[in-house]
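Counting in our numbering, the sequence shown runs from 112 upward without gaps. All residues carry an ideal CB built from backbone N, CA and C; glycine is no exception. Input: a single structure, listed below in structure tokens.
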Amino acid sequence: MNKVVDTAADALAAVTDGQTIALGGFGLCGTPSVLIEALLDSGATDLHLITNNCGPDTSAVTELLRARRVSRITASYIGDNSVFLGQYLRGSLSVDLVPQGTLAEKLRAGGAGIPAFYTPTGVGTAVAEGGIPLRYGAAGVVAEYSAARRVEQVGGRDCLLEHSLTADLALIRAEVADTQGNLRFRASARNFNPLCAMAARVAIVEVARVVDAGRIGADDIHLSGVFVSRVLPVGARMRKPIERLRVAHPRVAGEGELAS
Numbered sequence: 112m113n114k115v116v117d118t119a120a121d122a123l124a125a126v127t128d129g130q131t132i133a134l135g136g137f138g139l140c141g142t143p144s145v146l147i148e149a150l151l152d153s154g155a156t157d158l159h160l161i162t163n164n165c166g167p168d169t170s171a172v173t174e175l176l177r178a179r180r181v182s183r184i185t186a187s188y189i190g191d192n193s194v195f196l197g198q199y200l201r202g203s204l205s206v207d208l209v210p211q212g213t214l215a216e217k218l219r220a221g222g223a224g225i226p227a228f229y230t231p232t233g234v235g236t237a238v239a240e241g242g243i244p245l246r247y248g249a250a251g252v253v254a255e256y257s258a259a260r261r262v263e264q265v266g267g268r269d270c271l272l273e274h275s276l277t278a279d280l281a282l283i284r285a286e287v288a289d290t291q292g293n294l295r296f297r298a299s300a301r302n303f304n305p306l307c308a309m310a311a312r313v314a315i316v317e318v319a320r321v322v323d324a325g326r327i328g329a330d331d332i333h334l335s336g337v338f339v340s341r342v343l344p345v346g347a348r349m350r351k352p353i354e355r356l357r358v359a360h361p362r363v364a365g366e367g368e369l370a371s
């Protein structure tokens, strides 16, 4: 029952070309950067990543893109990642853009064994009607568009059919794990991590700290170890960068002034 492994290479021993990998995190928050760097070192290519987004140009996911290891991404938005955008527009990367809440539910449904579901999100838009560019050609011309969704009335409201998502692997991050893989996340780093783990056949987690089984109180377990295959302790190697640093101006506002 002890799921702790010693190295990132051991954790990713089963990774192969062409796999679908779900990545926890939101931008830089809760992103398993140590495991993503190990995925880069593994040499695996032609990967399909499922992630809320790829983060900024400085993210670990961006290094996978720079190394041309990714052929397809399912995400909720491109954001300000110039590498992601450039590869999409040049035709080297296929992109499935999915509304963020729908993406979360597609992963949750996949983990629950539900093959599809109806949602009102996207009705009356290109999400339902099709026509979102999935892939560009080399000349900048759209080579493939998204297909129209099936629309049905549910309770008197138009809803479109969405299929669930599953993955071969999930790479996630938590704050504390026990030796059996039960996890506790810290604050908003919980985000997409549990959903990715539940939707994957094999879930691998990097954690700041590992404790003995039974040391995490039952009410403090955010994800059961039944969904976790391997636990990698990373300690101080866990990166917690700030995506956009904002600080107050050091000058104190005088009477009648507003602080900038």
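Looking at Ala319: is its Cβ nearer than 9 Å to the Cβ of Gly346? yes
With a CB to CB cut of under 7 Å and the five nearest residues on each side skipped, what residues in its chain are close to Leu200? Tyr247, Gly251
Give the single residue among Gly336, Glu240, Asn192, Ile353 whose Cα lies nearest to the Cα of Lys114. Gly336
The stretch 147–163 in contact with the stretch 181–194 per 3-pair CB rule at 8 Å: Here the stretch 147–163 makes contact with the stretch 181–194; the two share three or more CB pairs at distances below 8 Å.
Mind checking whether Glu240 and Phe228 have CB atoms under 9 Å apart? no
Where does Phe137 fall in DSSP's three states? strand
Identify which residue in Leu280, Gly267, Gly325, Glu273 has its Cα closest to the Cα of Arg295. Gly325
Suppose the cutoff is 6 Å on Cβ atoms and the five residues either side in sequence are ignored; what does the same chain contact list for Leu204 look like? Gln198
Could you tell me the distance, in whole angstroms, from the CA atom of Asp191 to the CA atom of Ile243? Distance between the alpha carbons of Asp191 and Ile243: 19 Å.
Using DSSP with H/G/I as helix, E/B as strand and the rest coil, what is Thr290? coil
Considering only the beta carbon of each residue, do Thr127 and Leu134 sit closer than 9 Å? no
Would you grab the beta carbon distance between His274 and Pro226 for me? Rounded to a whole angstrom, and I think it's under 8 Å. 7 Å
Check for me: the alpha helix (DSSP H) holding Thr173 runs from which residue to which? 171–177
Could you pull out every residue in the same chain whose Cβ sits closer than 8 Å to the Cβ of Asp323, ignoring the five residues on either side in sequence? Asp289, Thr290
Segments of 4+ residues assigned as alpha helix (DSSP H) that fall wholly inside the stretch 196–254: 211–223, 237–240
Can the beta-carbon of Arg284 be found closer than 9 Å to that of Glu317? yes
Cα separation between Ala119 and Leu208? 30 Å
What three-state label does DSSP hand Ile184 in the structure shown? strand
Using only the alpha-carbon positions, how far apart do Glu354 and Ala300 sit? 13 Å
Roughly how many whole angstroms lie between the Cα atoms of Ala281 and Val253? 30 Å
Is the distance from the Cβ of Ser153 to the Cβ of Arg350 below 9 Å? no
Based on DSSP bridge pairs, tell me the residues matched to Asp269. Gln264
For Thr131, does the count of other Cβ atoms within 10 angstroms reach 16, so buried, or fall short, so exposed? buried
Distance, Val206 Cα to Gly235 Cα: Those two C-alpha atoms are separated by around 21 Å.
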